[in-house]
Amino acid sequence: MKSKCMKPRILLKTISPKGWFYIICMIVTGGIVVSCTKALGEVPPTPECATCNPVQFDHPYMQTLMMFLGEMLCIIFYAVSRLFAPKRSKYVSLDALQAQTKTPMSFKHTFLFVGPVLCDLLGSTLSNMSVRHCAASVHSMLRNGVILFIALLSFIFPEFRRDFDLPNVLGLFFIFLGLIMVGLVSVLHSSGNNSIFGVLLVTSSCVLHAAYFVLEEKLLKKVEIDGNVGVFNEGFWGSVQMSVLLPLLNTYPKKQPLENIRGWVYQSKNSGAIIGLIIGFVVSTAVYNQCGFQTTKLTSASVRSTFTALRPVIVWIISLSLGWEKFDKLGTPLTLFGFFILTFGILTYNNVLIVFPHKKNHNRTKLEYEHIPIVENMVEMKPVLQDE
């Protein structure tokens, strides 16, 4: 039997206007999150105490804590949704049917987030550091490498392995090719703020975030939990872990501690730009997670991860307009070409752009039904909690 998926087609026809609204908000707020992080490093130097010399604002560990506080704000969205929840439909959604096979969320299950959140904590801290050492747009592009590492880690589990097919393998190849090109161009055509160190940091963060996503998905397959409640739990445990680590980071090593909490407070208190960017970062983190959750709910996890890959475009526009990055006659076109290869790989891997035929019968059968319009309250909703 020949595959019916031999010519390119994009499976986005069933997205509702409401779905597009959340997709656009997700892309924009995701770009704002990265841009706020970059902007904090571009603020004019300010002193960390009354008698100190001005220094750059560089507090990646406190930035990670702010991220977790932003995630905790998602409990507000949950409370509002429960308050204004529409009447229950007479139809039973596919998600509700799947939920019957899972264990209902209880207090003891909140502790299961500790392990995944620790990976998120370490990965986010390295990511915050990398923004200071490479261009914000390059950072956003390289972060898509998490897809590659998720695939490699997921392949060890039989339930994931059976879905790997020719388009997925070729998609991963193009993702790898695009990442290599973007990384090499950022190093070879450095304009002063790009470096090998930044590329290594963001790559390391991708490995840790991949472990976080795989552990989280294993958890979500067993426990039924609302997406916003899940994000709140991650924010809570992340804040707890950072509260334990920060006093240690603030005192070790003695000569030059890894973090300076008093310096962070003093710089924030005496700079309107810094406090504004921190607030913008926290709020954008909350809105980004909420829009991401709603995007997955109204469309699919594949659509969410596909459009998340477009976030570098927003970051690039902001970086060029604010002068953080300069147009390079050779480096910029090569970076764009690498980004196109990377995006093509993501679209192919997620089966959004169908170019290569599927070889496995169960994948072909599943794909043939994806183009059929579905009623919104019957759509499959797989909660993916976070990409940052």
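As numbered in the working numbering, residues 1 to 388 make up the sequence shown, in order.
The beta-carbon is built from N, C-alpha and C at its ideal position, and this holds for glycine as well.
query, result
"Using the Cα positions of G263 and G345, report the straight-line distance between them to the nearest angstrom.", "43 Å"
"If you run the structure through DSSP and keep just helix, strand and coil, what is T37?", "helix"
"Would you mind stating whether K38 and S319 have Cβ atoms separated by less than 9 Å?", "yes"
"Tell me the residue span of the alpha helix (DSSP H) that contains W237.", "G227 to L249"
"Helix, strand or coil for Y91 per DSSP?", "Annotation note: pLDDT 46 at Y91 (below 50); position unreliable, no value reported."
"Tell me which same chain residues have a C-beta within less than 7 Å of the C-beta of D226, skipping the five on either side of it?", "Y78"
"Mind checking who E224 pairs with in its DSSP beta bridge?", "P104"
"Go ahead and pull the three-state DSSP assignment for L152.", "helix"
"By Cβ distance, which residues of its chain are closer than 7 Å to N270, with the 5 residues on each side in sequence left out?", "T46"
"Considering only their Cβ atoms, is the gap separating F236 from T110 smaller than 9 Å?", "yes"
"Return the CA-CA distance between P333 and L310, expressed in angstroms with no decimal places.", "17 Å"
"If I measure Cβ to Cβ from M242 and keep anything under 8 Å in the same chain, skipping five residues before and after, which residues do I get?", "Y61, T64, L65, F68 and L121"
"Decide if Y252 is buried, meaning its Cβ has at least 16 other Cβ atoms within 10 Å, or exposed.", "exposed"
"With a 10 Å radius around its C-beta and 16 neighbouring C-beta atoms as the bar for buried, classify I279 as buried or exposed.", "exposed"
"In this structure, how does DSSP classify L73 when only helix, strand and coil are distinguished?", "coil"
"Tell whether a beta-carbon distance below 9 Å holds between F293 and V202.", "no"
"Using a Cβ distance threshold of 8 Å, determine whether the stretch 217 to 226 contacts the stretch 119 to 135, with at least three qualifying pairs required.", "no"
"Kindly indicate which three-state DSSP category T394 falls into: helix, strand or coil?", "Within the shown structure, residues of the chain are numbered from 1 to 388, placing residue 394 beyond reach of any answer."
"Around the Cβ of P247, are there at least 16 other Cβ atoms within 10 angstroms (buried) or fewer (exposed)?", "exposed"
"Does DSSP put V55 in a helix, a strand or coil?", "strand"
"Residues in its own chain within less than 6 Å of Q256 by CB, not counting five upstream and five downstream?", "none"
"Pick from L83, I341, G41 and N144: whose alpha carbon is nearest that of H209?", "N144"
"Below 8 Å on the Cβ atoms is my guess for S186 versus A136; work out the distance and round it to an integer in Å.", "Actually they are not in contact, since the Cβ atoms of S186 and A136 sit about 11 Å apart, beyond 8 Å."
"Just to confirm, are I261 and I32 a CB contact at a threshold of 9 Å?", "no"
"Name the two residues that bound the continuous alpha helix (DSSP H) containing I15.", "No alpha helix (DSSP H) contains I15, which DSSP labels as neither H nor E."
"Ignore the nearest five residues each way along the sequence and tell me which others in I341's own chain have a CB closer than 6 Å to its CB.", "F174, L177 and G178"
"In this structure, how does DSSP classify W20 when only helix, strand and coil are distinguished?", "helix"
"Flag M67 as yes if its beta-carbon sits less than 9 Å from any beta-carbon of chain B, otherwise no.", "Reference to chain B is not applicable here, since this structure consists of a single protein chain."
"Near S205, what residues of its chain come up, given a Cβ to Cβ distance below 6 Å and the 5 sequence neighbours on each side ignored?", "G123, L126 and S127"
"Q290 to V182, Cα distance in whole Å?", "30 Å"
"If we count the other Cβ atoms within 10 Å of its Cβ and call it buried at 16 or more, is F307 buried or exposed?", "buried"
"What are the boundary residues of the alpha helix (DSSP H) that includes W324?", "Here W324 belongs to no alpha helix (DSSP H), and DSSP marks it neither H nor E."
"Any idea if F57 is buried or exposed, counting beta-carbon neighbours within 10 angstroms, 16 or more meaning buried?", "buried"
"May I ask which residues mark the beginning and end of the alpha helix (DSSP H) holding T110?", "Here T110 belongs to no alpha helix (DSSP H), and DSSP marks it neither H nor E."
"CA-CA distance, V117 and T285?", "16 Å"
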